[in-house]
Amino acid sequence: MWVKQISIFLENKSGRLAAVTRLLADHGFNIRALSIADTSDFGILRLIVNDPARAYQVLKDAGFTVSETEVLAVEMPDRPGGLAGVLDLLNEAGINIEYLYAFVSKSAENALVLLKVENLEKAAGVLTANGVTIQGHNIVHQI
């Protein structure tokens, strides 16, 4: 039910992001979603790719510091208040959100939000009990 996310530690200097994206492109990976958080010295690049296990190994073999994390891919209406409704449900259940990033699917009817939460099982249970769709690992081929 969870989506595998690849996180890459990058020095905050010219060319590091380009090097990662070039490496992935050269090995045939499709980046489906990404987010980058940075400080003055380093950044964390978070990616959803079409083959996370192989991407992890390619990046590791190339000398990058990389980790794999499970996140929720939550589907919601792409309209004002769609995200607020989902976040209200999690807040009412006492579930902390560590970070999130969003994108609109190709259909443009729904948005997908990738959520890193403290408790994936509890969050998924709360959301699905309230009619919210959680996408599985196959989502990387649909977006």
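With the numbering used here, the residue at position 11 of the sequence shown is 14, and numbering never jumps.
Don't be surprised by glycine CBs; every beta carbon is placed ideally from N, CA and C.
A distance of 9 angstroms or more separates the beta carbons of E71 and Q138. Within the segment 74-105, complete alpha helix (DSSP H) segments of at least 4 residues are found at 85-95, given in chain order. H30 and D54 have their C-alpha atoms some 11 angstroms from each other. The beta carbon of V23 sits closer than 8 angstroms to those of I11, L13, L48, L62 and F67, all from its chain and outside the five residues before and after it, given in chain order. Judged by DSSP in its simplified three-state form, A65 adopts coil rather than helix or strand. Per DSSP, V52 lies in no alpha helix (DSSP H); the unbroken beta strand (DSSP E) holding it starts and ends at F45 to V52. In the three-state reduction of the DSSP assignment, K16 falls in the coil class. For Y59, the number of other beta carbons within 10 angstroms of its own is at least 16, and it is reported as buried. Residue state for V135 is assigned as coil, using DSSP reduced to three classes. When DSSP states are grouped into helix, strand and coil, E71 belongs to the strand group. L93 sits away from A114, with the two beta carbons spaced by 9 angstroms or more.
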